[in-house]
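Each residue of the sequence shown is one higher than the last, beginning at 0 in numbering that gives the first Met the number 0.
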Amino acid sequence: MRLSPMQMQKLVEKVIENLKAQKVITFKEDERKVVERAVLAVKQDYQREAELEQEVNKMLERLERTNPGEFERHKMFQLMKQKLAKERKVVL
0 MRLSPMQMQK LVEKVIENLK AQKVITFKED ERKVVERAVL AVKQDYQREA
50 ELEQEVNKML ERLERTNPGE FERHKMFQLM KQKLAKERKV VL
């Protein structure tokens with residue numbers, strides 16, 4: 000599921016509000032700066048995952064050209080994505 004920038008913003012704000020309500024976090028910086036950094040981190044994580052998916056798709060295309068019809072693409076996609084994510088230390 001892809002989130003829009005507004006949805007990412009709302010998600011981060013909701014998480015921070017819940018953590019504040021539970022008195023789990025306190026801020027040394029302005030809360031807006033914390034929210035901005037958290038939103039940026041979420042956006043960067045989404046971008047890394049999108050790049051990973053593009054690379055997996057390219058790998059699958061090469062594999063399909065050399066071995067047409069010998070595997071189920073959607074299953075292989077998930078396996079390759081997980082393996083590549085593990086190798087690159089990307090949390091999915």
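All residues carry an ideal CB built from backbone N, CA and C; glycine is no exception.
* Report, in whole angstroms, the separation of the C-beta atoms of L59 and M75, which I expect to be a contact under 8 Å. => Residue mapping note: residue 59 aligns to position 60 of the sequence shown, counting from 1. Residue mapping note: residue 75 aligns to position 76 of the sequence shown, counting from 1. Right, their Cβ atoms sit about 6 Å apart.
* Sequence-distant residues of the same chain with beta carbon closer than 8 Å to L18, five excluded per side -> In the sequence shown, residue 18 corresponds to position 19, counting from 1. The beta carbon of L18 lies closer than 8 Å to those of I24 in the same chain, with the five residues before and after it left out.
* Helix, strand or coil: which one does DSSP assign to R65? -> What you label residue 65 is simply residue 66 of the sequence shown in a count that begins at 1. The sequence given here has Thr at residue 65, not Arg. The answer is helix: DSSP assigns T65 an H, G or I state.
* Asked: Of all the options R1, E28, D29 and A37, which has the alpha carbon lying nearest to the alpha carbon of K13?
  -> Against the sequence shown, residue 13 aligns to sequence position 14. Here the closest residue by C-alpha is A37.
* How long is the line joining the alpha carbons of K32 and A20, rounded to whole angstroms? -> Locating residue 32 in the sequence shown gives position 33, where the first residue counts as 1. Locating residue 20 in the sequence shown gives position 21, where the first residue counts as 1. Rounded to the nearest angstrom, the gap between the Cα atoms of K32 and A20 is 19 Å.
* Asked: Among residues of its own chain, excluding the 5 on either side of V11, which ones have a beta-carbon nearer than 7 Å to its beta-carbon?
  -> Counting from 1 along the sequence shown, the entry for residue 11 is found at position 12. Counting only Cβ-Cβ distances below 7 Å, and skipping sequence neighbours, we find V34, A37, V38 and V41.
* Backbone secondary structure at D29 - three-state DSSP -> Numbered from 1 along the sequence shown, position 30 holds the residue referred to as residue 29. In the structure shown, D29 sits in coil (DSSP, three-state: anything other than H, G, I, E or B).
* In terms of residues, what are the limits of the alpha helix (DSSP H) holding I15? -> As a first step, residue 15 is located in the sequence shown; it is residue number 16 there, counting from the start. P4 to A20 is the extent of the alpha helix (DSSP H) around I15.
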